[in-house]
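Participant:
In our numbering, the protein residues as written are 1348 to 1693.
#1: Among the candidates 1643, 1391, 1380 and 1459, whose CA atom is the shortest distance from the CA of residue 1698?
#2: Drop a sphere of 10 angstroms on the beta-carbon of residue 1640, count the other beta-carbons inside from all chains shown, and report buried for 16 or more, exposed for fewer.
#3: Can you say whether residue 1540 is buried or exposed, counting buried as having 16 or more other CB atoms within 10 angstroms of its CB?
#4: Applying the 10 Å Cβ sphere with the 16-neighbour rule, what's the burial state of residue 1659?
#5: Classify residue 1372: buried if its beta carbon has 16 or more other beta carbons within 10 angstroms, exposed otherwise.
#6: By Cβ distance below 7 Å, which residues in the same chain neighbour residue 1445 in space, the five residues on each side in sequence not counted?
#7: Just verifying my parser: in three-state terms, what is the DSSP assignment at residue 1404?
#8: Taking the beta carbon of residue 1376 as the centre, do at least 16 other beta carbons fall within 10 Å, making it buried, or is it exposed?
#9: Please state the DSSP three-state secondary structure of residue 1383.
#10: Please say whether residue 1630 and residue 1579 have beta carbons closer to each other than 8 Å?
#11: Where does residue 1396 fall in DSSP's three states?
#12: Counting pairs of beta carbons, one from the region 1434-1454 and one from the region 1552-1561, are three or more of them closer than 8 Å?
#13: Flag this pair as touching only if the region 1508-1517 and the region 1614-1633 have three or more C-beta atom pairs under 8 Å; answer yes or no.
#14: What residue from 1665, 1435 and 1570 has the CA that sits closest to residue 1382's CA?
#15: Between which two residues does the alpha helix (DSSP H) carrying residue 1552 extend?
#16: If you draw a straight line from the C-alpha of residue 1645 to the C-alpha of residue 1395, how long is it?
#17: Classify residue 1620 as buried or exposed, calling it buried when 16 or more other Cβ atoms lie within 10 Å of its own Cβ.
#18: Taking the runs of the alpha helix (DSSP H) that are 4 residues or longer, which of them lie wholly in the region 1631-1682?
#19: Tell me which residues share the same chain as residue 1435 and place their Cβ nearer than 6 Å to its Cβ, disregarding the 5 neighbours each side in the sequence.
#20: Given a cut-off of 8 Å, decide if residue 1562 and residue 1637 are closer than it, judged by their beta-carbon atoms.
#21: Between which two residues does the beta strand (DSSP E) carrying residue 1471 extend?
#22: Quick test of your reading: residue 1626 and residue 1583, contact by CB under 8 Å. State the CB separation rounded to the nearest angstrom.
#23: Is the beta carbon of residue 1586 sitting closer than 8 Å to the one on residue 1597?
#24: Thinking C-alpha only, which one of 1642, 1470 and 1472 is nearest residue 1570?
#25: What is the C-beta distance between residue 1393 and residue 1650, in whole angstroms, given that I count them as a contact (C-beta under 8 Å)?
#26: So residue 1518 is in the alpha helix (DSSP H); what residue range does that whole segment cover?
#27: Can you tell me the Cβ-Cβ gap for residue 1661 and residue 1387, rounded? I've got them flagged as a contact below 8 Å.
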């Protein structure tokens, strides 16, 4: 057992140490935490439309156009909310945020999000020292996009970012957090920024870009089909009208003819006209089905919580930090002063 009375007497006899150390700890910890800039968080919650619901709706909609079996159509792969975190963390998606116009709450900055992160960010002095050190020892790289391989007539589209651009991309990855609830399928996206208005703007932009990305992914095949059928249907119609005109002209020119040769030629023209008509009507049905597929594959996002400007900073918790440091120093000094008492009791 530890002698609590001896422990208290030891601490009381050395109370002057606490009189000096605790105020110093309070001042130093306060100064350090004041160097850390405030950050704000904005959270949006989305409920993407379920793909199963879309399949059932499309089947019923397509049946109205005379299509009873769309099993192959429904088996087509589509993007789902489970991969949204990977989408938001990809450089291809983050690049879309570079040119987003933002402005601070005090109006001190108006420009792109990229330049905001590059020039308008506050950081503790130790981070500035670290950046300066690595900037001194690293080589400069001013290449933004480099064409790797190929010739002038055959260029590849590989992107090669500068170190500065890589650092901005890595920073944005830390500022965007996406979580998907597997049970409810709700998508929660949280953005972080040193300005509350910038935080809300980026959250709203991410919501719009994510919706555009998902819509483009799910509808690109149907849109390509619509473009194809829209282009080829006039040609098919013209071929049918030409075959129909030839048939009518042949009939009018041989009204009183009963020769077998005439009948064979008439049957050939009628068969060709019927074939052109069948091809024309089939293409029209396929165009209608593609339009139905485009409409059905266009995802709908229900916004549970929209972007709003946060009123209070999320981090740092300055009072908690200062209190924790004071408690840590107090416990450390107390243990150091009474360590021999613990040794004896053991």
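Beta carbons are placed, not taken as given, at the ideal position from N, Cα and C, and that holds for glycine.
Facilitator: The short version:
#1: Nothing about residue 1698 can be read from this structure; the chain reaches only from 1348 to 1693.
#2: buried
#3: buried
#4: exposed
#5: buried
#6: 1459, 1460 and 1461
#7: With a pLDDT of 47 at residue 1404, under the threshold of 50, the modelled position of that residue is not reliable, and no figure is offered here.
#8: buried
#9: coil
#10: yes
#11: coil
#12: yes
#13: no
#14: 1665
#15: 1543-1600
#16: 11 Å
#17: buried
#18: none
#19: 1523 and 1525
#20: no
#21: Premise fails: residue 1471 is in no beta strand (DSSP E) and is neither H nor E.
#22: 6 Å
#23: no
#24: 1642
#25: 6 Å
#26: 1510-1522
#27: 6 Å
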